[in-house]
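Shown next, in structure tokens, is the structure this report addresses.
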Amino acid sequence: MIVFLSEKLSDKEHMKWVRDRIYYDGCFMVPNDGRGRGLALPWKAGVNVWVDSFSKYHIDSIVHGGSKNAWRLTRFYGEPDTSQRKEGWNMLRMLSLRPKLPWCCFEDFNELLEVQDKRGGIPRTHNLMQDFRDILNHCGFVDLGFSGLDFTWHDISRGGFDMGEIG
């Protein structure tokens, strides 16, 4: 089993503490960059993980576990600052050029696919969503959907308006 931990973790020591608390054996960490984002990839014994590359936006790994077939697992964290978002999209473009293995890329892209994925607040511009759809198409990604709550967060504190986004 493999788990990705992100954003709220403060430093390597805290990430190691979390890894030990969930009884995982291996762990690769990208420390917090001072803006509240750090990444960790812990895994259980019996799962062979080779980290191919990493940055403040991603951990790209090759996984061998239980079967003879390897596959790619990329944990991606999209840039929250929309003026810098293309840097992350360019990273995904470069990753898509790597040797072809079955590829799962997931986590928080910090972008929406459609305008109906947001309720309340400042409307998302069409260009930002189109850039996101373009990179998903370029990489050959498929939206697997989700189950659970309609929105990943809600905020009712702003003058009684309910706002939320599908992350």
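In terms of our numbering, the sequence shown opens at residue 2 and continues consecutively.
We put the CB at the ideal spot given by N, CA and C, even for glycine.
- Approximately 5 Å separates the beta-carbon atoms of Arg73 and Leu102; this is inside 8 Å, confirming the contact.
- Shown here, Phe133 sits in a helix according to DSSP, grouped into three states.
- The continuous alpha helix (DSSP H) containing Leu93 extends over residues 86-97.
- The shortest C-alpha to C-alpha distance from Met95 to any of Ser54, Val143, Gly149 is the one to Ser54.
- Rounded to the nearest angstrom, the Cβ distance from Leu40 to Val50 is 14 Å, too far for a contact under 8 Å.
- Annotation for Asn33: no beta strand (DSSP E) segment contains it, and DSSP assigns it neither H nor E.
- Excluding its 5 nearest sequence neighbours in each direction, Ser97 has C-beta neighbours in its own chain below 6 Å: Cys140, listed in chain order.
- The C-beta distance from Phe110 to Ile60 rounds to 15 Å, too long to fall under 8 Å, and the pair is not in contact.
- Straight-line spacing of the CA atoms in Cys105 and Gln85 works out to 24 Å.
- Take Phe142, set aside five residues on each side of it, and the residues of its chain with a beta-carbon closer than 7 Å to its own are Cys106, in chain order.
- Within its own chain, no residue has a Cβ closer than 6 Å to the Cβ of Phe147 once the five positions on either side in sequence are excluded.
- The residue among Val116, Gly89, Pro32, Lys87 with its C-alpha nearest the C-alpha of Glu14 is Pro32.
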